[in-house]
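Below is one structure; the comments refer to it alone.
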Amino acid sequence: MQKFVIYSTCVMMIFSSHIVHAEIETGRDFMDAGNFEQAMKEFIPAARTGNADAEELIGVLYAMGLGVERDDVRAFEWYMRASLKGHAGAQSGIGWYYEVGRGINAPDLVRAYTWYVLSAIGGDPDAAISQEEVVKKMTVEQINKAHVLIDDYKVWLYPFR
């Protein structure tokens, strides 16, 4: 009986991951076709399971006002959810929001730099360019403060890098 429960649980986990993947791919197809409202409907269930790709894509829809009213605060929130799961594209998005101060109270170059560096570590090739640009606007003290944050985040976002 115990083996059956373990087997059933494994099968359900595999099956549910395929459903989430299908929802994201279907949502992307809707985005490609310009049907952003339907794309959002596909992404929401996947995001509710904690899927970082779905969360990042919902952030994109809110950031650009595609199928929904543009909302920088909601975009920031969705990008942050994905960022904390190590999604490099969302981390770049968070860096940009901190750099320009949209979706938050005011620009924060320390956090912008932090997220750009983390995004670069995560594999986003454009993040290094953004990192180089934002560091030009920072003081040595701000850069040092950012590196403390980077070291803290890196431990749990990228423990093997």
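Per the numbering used here, residue 1377 is the first one in the sequence shown, and the count goes up by one each step.
Using N, Cα and C, we set each Cβ at its ideal position, and we do this for glycine too.
By alpha-carbon positions, which one of the options ends up nearest to residue i?
i	options	result
Glu1475	Leu1460, Tyr1438, Tyr1492, Gly1465	Tyr1492
Ser1495	Lys1530, Pro1483, Glu1509, Ile1400	Lys1530
Ile1420	Val1511, Asn1411, Leu1442, Ile1400	Ile1400
Met1407	Val1510, Thr1425, Gly1443	Gly1443
Lys1461	Lys1512, Gly1441, Thr1425	Thr1425
Gly1441	Arg1457, Ala1430, Met1416, Glu1517	Met1416
Taking only the alpha-carbon atoms, compute the straight-line gap between residue i and residue j and give it to the nearest angstrom.
i	j	result
Gly1477	Phe1536	32 Å
Gln1414	Ala1428	19 Å
Ile1526	Asn1520	10 Å
Pro1483	Glu1432	21 Å
Asn1481	Gln1467	18 Å
Phe1412	Gln1507	31 Å
Asp1500	Gly1410	25 Å
Ala1398	Ile1434	16 Å
Gly1471	Glu1509	12 Å
Met1514	Thr1402	42 Å
Val1436	Gly1469	9 Å
Arg1404	Arg1457	19 Å
Asp1528	Val1516	19 Å
Glu1418	Ser1459	20 Å
Cys1386	Ala1422	Note that Cys1386 scores 40 on pLDDT, short of 50, meaning its location in the model is unreliable and no value can be drawn from it.
Val1524	Ile1505	21 Å
Ser1392	Ala1430	Note that Ser1392 scores a pLDDT of 44, beneath 50, so its modelled location is shaky and nothing firm can be said.
Val1511	Trp1532	24 Å
Gly1479	Gln1518	21 Å
Would you call the CB atoms of residue i and residue j closer than 8 Å?
i	j	result
Ala1503	Ala1464	yes
Ile1497	Tyr1534	yes
Tyr1455	Arg1446	no
Subject >> Contiguous beta strand (DSSP E) assignments of at least 3 residues, all confined to the region 1467–1495 >> reply: none
Subject >> At least three beta-carbon pairs within less than 8 Å, the region 1485–1493 to the region 1442–1452 >> reply: no
Original post:
Can you list the alpha helix (DSSP H) stretches of 4 or more residues lying completely in the region 1384–1455, in chain order?
Top reply: 1412–1424, 1428–1440
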